[in-house]
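The structure appears right after this line, and notes come after that.
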Amino acid sequence: GNSVTQMEGPVTLSEEAFLTINCTYTATGYPSLFWYVQYPGEGLQLLLKATKADDKGSNKGFEATYRKETTSFHLEKGSVQVSDSAVYFCALFSGSARQLTFGSGTQLTVLP
Amino acid sequence: AAGVIQSPRHLIKEKRETATLKCYPIPRHDTVYWYQQGPGQDPQFLISFYEKMQSDKGSIPDRFSAQQFSDYHSELNMSSLELGDSALYFCASSLGGWSSYEQYFGPGTRLTVT
Numbered sequence: 004g005n006s007v008t009q010m011e012g013p014v015t016l017s018e019e020a021f022l023t024i025n026c027t028y029t030a031t032g033y034p035s036l037f038w039y040v041q042y043p044g045e046g047l048q049l050l051l052k053a054t055k056a057d058d059k060g061s062n063k064g065f066e067a068t069y070r071k072e073t074t075s076f077h078l079e080k081g082s083v084q085v086s087d088s089a090v091y092f093c094a095l096f097s098g099s100a101r102q103l104t105f106g107s108g109t110q111l112t113v114l115p
Numbered sequence: 174a175a176g177v178i179q180s181p182r183h184l185i186k187e188k189r190e191t192a193t194l195k196c197y198p199i200p201r202h203d204t205v206y207w208y209q210q211g212p213g214q215d216p217q218f219l220i221s222f223y224e225k226m227q228s229d230k231g232s233i234p235d236r237f238s239a240q241q242f243s244d245y246h247s248e249l250n251m252s253s254l255e256l257g258d259s260a261l262y263f264c265a266s267s268l269g270g271w272s273s274y275e276q277y278f279g280p281g282t283r284l285t286v287t
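Protein chains in written order, with the working numbering: chain H, 4 to 115; chain V, 174 to 287.
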């Protein structure tokens with residue numbers, strides 16, 4: 004079956020530090036990959052997506068590249084802000100499973 | 174832009190009671206998904222509907238049922254509630270059934286069972 008493995012948290016960084024959250028996946032076929040963000044007490048917001056190998060998703064300074072050869076979709080941001088503090092979920096959608104499969108989530112805290 | 178609407182936002186029930194959660198998808202979206210997120214957990218897929226027909230079932234207990242109505246809104250009915258049902262329940266919608274991978278999530282309904 005499909006699965007997503009995420010870097011365990013929590014992650015604590017200082018403002019303007021570089022962020023990497025690792026995500027690898029196992030899936031049949033060619034899944035689409037996503038990063039969702041969940042702010043405290045709120046729902047899931049789509050942060051970025053990639054639908055095929057070598058695609059790069061980007062939004063709000065965050066980036067992730069779909070690497071088929073390493074089955075990875077690592078999230079990066081060059082300079083984090085306090086407002087980026089949230090839980091980040093890596094997820095995949097496979098046409099065969101027809102549902103989103105989420106990783107365990109990574110809590111990010113950015114200190115001023 | 175219109176988003177997915179869920180009601181109620183918060184719900185407190187006692188053990189063995191029933192609960193009904195409602196989801197109103199983005200206009201013209203024809204596919205609805207339900208997910209359950211326990212405390213500190215990742216969201217788990219429960220069930221989905223496409224064009225008012227149940228499509229897939231995930232880890233949904235037999236005590237739960239759901240349906241999608243003619244206006245595409247969906248309801249999740251939960252009976253004989255247990256303490257372990259306390260969770261955040263998300264609804265998501267998309268357009269185009271399984272050809273559309275991009276799901277838009279509602280704010281969730283927080284269910285507390287006491």
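Note that CB positions come from ideal geometry on N, CA and C, so glycine has one too.
Just so it is clear, the structure is predicted and the values come from calculations on it, not from any experiment.
Closest to T73/H by CA distance: which of Y28/H, T112/H and P43/H is it? Within the first sequence, residue 73/H is the residue found at index 70, counting from 1. Closest option to T73/H, Cα to Cα, is Y28/H.
Do the CB positions of Q210/V and A260/V come within less than 8 Å of each other? Within the second sequence, the letter at position 37 stands for residue 210/V. Within the second sequence, the letter at position 87 stands for residue 260/V. Contact: yes.
Extent of the continuous beta strand (DSSP E) run through S266/V: Residue 266/V sits at position 93 when you count from the first residue of the second sequence. Note, S266/V: beta strand (DSSP E), A260 to S267.
Below 8 Å, can you find three or more Cβ-Cβ pairs linking the region 74-83 of chain H to the region 193-206 of chain V? no
Using DSSP with H/G/I as helix, E/B as strand and the rest coil, what is S82/H? Within the first sequence, the letter at position 79 stands for residue 82/H. Of the three classes helix, strand and coil, the one that applies to S82/H here is coil, per DSSP.
Chain V partners of E45/H, CB-CB under 7 Å? Taking the first residue of the first sequence as 1, we reach residue 45/H at position 42. P280, listed in chain order.
Proximal residues, the region 52-74 of chain H versus chain V, C-beta separation under 8 Å: K52 and T54
Please decide whether Q84/H counts as near chain V, where near means a Cβ-Cβ distance under 8 Å. Within the first sequence, residue 84/H is the residue found at index 81, counting from 1. Closer than 8 Å: no.
Residues that F105/H contacts on chain V, provided the C-beta gap is smaller than 7 Å: Numbered from its first residue, the first sequence carries residue 105/H at position 102. Under the 7 Å cutoff, chain V gives D215 and P216.
Going by CA-CA distance only, name the one from L254/V, D235/V and F222/V that's closest to G269/V. In the second sequence, counting from the first residue as 1, residue 269/V sits at position 96. Of the candidates L254/V, D235/V and F222/V, the one whose C-alpha sits nearest the C-alpha of G269/V is F222/V.
CB of T109/H within 8 Å of CB of G12/H, strictly: Within the first sequence, the letter at position 106 stands for residue 109/H. Within the first sequence, the letter at position 9 stands for residue 12/H. Closer than 8 Å, so yes.
DSSP state of L254/V, grouped into three classes? Your numbering for residue 254/V matches position 81 in the second sequence. Looking at L254/V - three-state DSSP - the assignment turns out to be coil, as it is neither helix nor strand.
Please list, in chain order, the chain H residues whose beta carbon lies closer than 8 Å to that of Y206/V. As a working note, residue 206/V is residue 33 in the second sequence. In chain order: Q102 and L103.
If you run the structure through DSSP and keep just helix, strand and coil, what is D215/V? Translated into positions along the second sequence, residue 215/V becomes position 42. Coil, per DSSP.
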